[in-house]
Each structure stands twice: as C-alpha cells, then as structure tokens.
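Undergrad: Before we start, here is the structure in question, set down as structure tokens.
Numbering (this note's numbering), first residue to last: 3 to 207.
Printed below as a string of structure tokens:
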C-alpha cells in the first residue's frame, strides 16, 4: 500500500508542503557545495534569469506554473512550500530537481542507486492559518534556525529575496517582519499545533 501523501492530489491554484528524505535516513548534503547545488537547481527552473546547459540549450522555465514560497534544506531531508498554479507543475519541478540532484550526488560521491528513500511526499495546505503554521514548521526545523544558511527565513525577516522565491503569499498574512519573528518565537505555546503537522507529514524520525 502506498505511503501516506505519496499519492498526491494534483489541483490547480493550491498550496503544497513537499518533503523528501535520504534513503536509510542518510545525509544528502555532505558539503556546503551540495546545498548550493540543490538551490541552483531550484533557481534553474524558477528564476526569470536565463540559464543554459553546458551544451548551450535553454532550461525550461516553470515560474508561470509554480511558485516556491518557503524552503529548508536539512542534512538528510528537505522541505519546500509551493503554490501550484497549473496541474502537473509540482510533479514536473520535483522530477527535474530530484533526478538532477541524484545524478550529481552519485557522480560526485561515486555511488549508485537511489538517493532518496521514496518519491517525494506532498501534503495539501487548505487554509491560511495552516499555511502560516507550515511556514513556521519549515523555518524552525534547524535548532539554530536564526543563523541557519539553508532556509528561506532571512527574506521573511527583511533580506531581499531571490527572484525564484515568492514570499508575498505568506508575508501578507502577518502585519510586519517583527510579528512574524514573534510568531516563530512563540514555539513553546504552539507545540501541539506543530505536533499535529508533524503527524500529518508522517515524518517520524
């Protein structure tokens, strides 16, 4: 029987929390350069800047089909929060990113076989409060979340976001950067909410 959230709804104009983990919980970003390469793949398909392959061919652009709202890359898994504009665009984006990254990883580390434990999983986000909670869950994944280099938190707190990251849909739900920071710091009072989210994601360690 397929695992929870492997069989995904594919609905236009919908929010999804996407996540995937390394096979056997192994690390998928051993070096800082690996985090950077994964983010470069996101940029490749979602940036409005022109990007070309080593052969000079243009990469397909998906920014009119899907938006990345938040992300966090952890040592053995990743979280993405996306807004799917057109059906099928989430699958298209994730297939390209995960296939390209797996090939890069296997070549670099001279290994073979799957890098991820399964196909990515995705959970539909169906309300504004849940959307905010998911963004907090993603940004609070690292213990050192304030200083963590591989999440989208800094643009939410004032840094100019790259053109492949769209923060408006979430930032419009709170009044100021300070209020969002307070929302993050309010972790202790909302542990039950986050536990519900974690159960929904079936992301047990």
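Think of the CB as a built atom: it goes at the ideal place given N, C-alpha and C, for glycine as much as any other residue.
Bear in mind the structure is a predicted one, so any value in this text is a computation, not a measurement.
Pick helix, strand or coil for residue 23, following the three-state DSSP scheme.
TA: strand
Undergrad: Compute the Euclidean distance between the alpha carbons of residue 99 and residue 64, then round it to the nearest angstrom.
TA: 12 Å
Undergrad: Pairs of beta-carbons, one from the segment 151 to 168 and one from the segment 97 to 117, closer than 8 Å: are there three or more?
TA: When C-beta atoms of the segment 151 to 168 are compared with those of the segment 97 to 117, fewer than three pairs fall below 8 Å, so the two segments do not count as touching.
Undergrad: If residue 41 and residue 70 are in contact, beta carbons under 8 Å, what's the gap, nearest whole angstrom?
TA: So it is not a contact: roughly 10 Å between Cβ atoms.
Undergrad: Please identify the residue among 166, 60 and 20 whose C-alpha is closest to the C-alpha of residue 66.
TA: Taking only the C-alpha atoms, the option nearest residue 66 is 166.
Undergrad: With respect to the beta strand (DSSP E) encompassing residue 85, which residues constitute its N-terminal and C-terminal limits?
TA: 79 to 86
Undergrad: When the Cα atoms are used, what is the spatial distance from residue 190 to residue 109?
TA: The pLDDT assigned to residue 190 is 49, lower than 50, so where the model puts this residue is not dependable, and the model offers no usable value.
Undergrad: Based on Cα-Cα distance, which residue from 186, 180 and 152 lies nearest to residue 76?
TA: 152
Undergrad: Around the Cβ of residue 13, are there at least 16 other Cβ atoms within 10 angstroms (buried) or fewer (exposed)?
TA: exposed
Undergrad: By Cβ distance below 7 Å, which residues in the same chain neighbour residue 183 in space, the five residues on each side in sequence not counted?
TA: 159
Undergrad: Would residue 1 pass as a contact of residue 79 if the rule is Cβ separation under 9 Å?
TA: What is shown of the chain runs 3 to 207, which leaves residue 1 out entirely.
Undergrad: Quick check on the DSSP output: the alpha helix (DSSP H) that includes residue 129 runs from which residue to which?
TA: Premise fails: residue 129 is in no alpha helix (DSSP H) and is neither H nor E.
Undergrad: Within its chain, find whatever has a CB closer than 7 Å to the CB of residue 50; leave out the 5 residues flanking it on each side and keep chain order.
TA: So the qualifying residues of the chain are 65 and 165.
Undergrad: Taking the alpha carbon of residue 123 as the reference point, which residue from 96, 33 and 114 has its own alpha carbon closest?
TA: 96
Undergrad: What are the uninterrupted segments assigned as alpha helix (DSSP H) that are 4 or more residues long and contained completely in the segment 82 to 161, given in chain order?
TA: 91 to 111, 130 to 141 and 155 to 158
Undergrad: Can you find a C-beta in chain D that's less than 9 Å from the C-beta of residue 86?
TA: Although the question refers to chain D, the structure presented lacks it and comprises just one protein chain.
Undergrad: Which of the three DSSP states, helix, strand or coil, is assigned to residue 183?
TA: helix
Undergrad: Is the Cβ-Cβ distance between residue 86 and residue 17 less than 9 Å?
TA: Result yes, Cβ atoms of residue 86 and residue 17 sit closer than 9 Å.
Undergrad: Taking C-beta to C-beta, are residue 127 and residue 175 nearer than 9 Å?
TA: no
Undergrad: For residue 145, is the classification buried or exposed, using 16 other Cβ atoms within 10 angstroms of its Cβ as the cut-off for buried?
TA: Exposed, since its Cβ has fewer than 16 Cβ neighbours within 10 Å.
Undergrad: State the start and end residues of the unbroken beta strand (DSSP E) segment that holds residue 172.
TA: Not the beta strand (DSSP E): residue 172 falls in the alpha helix (DSSP H), residues 170 to 173.
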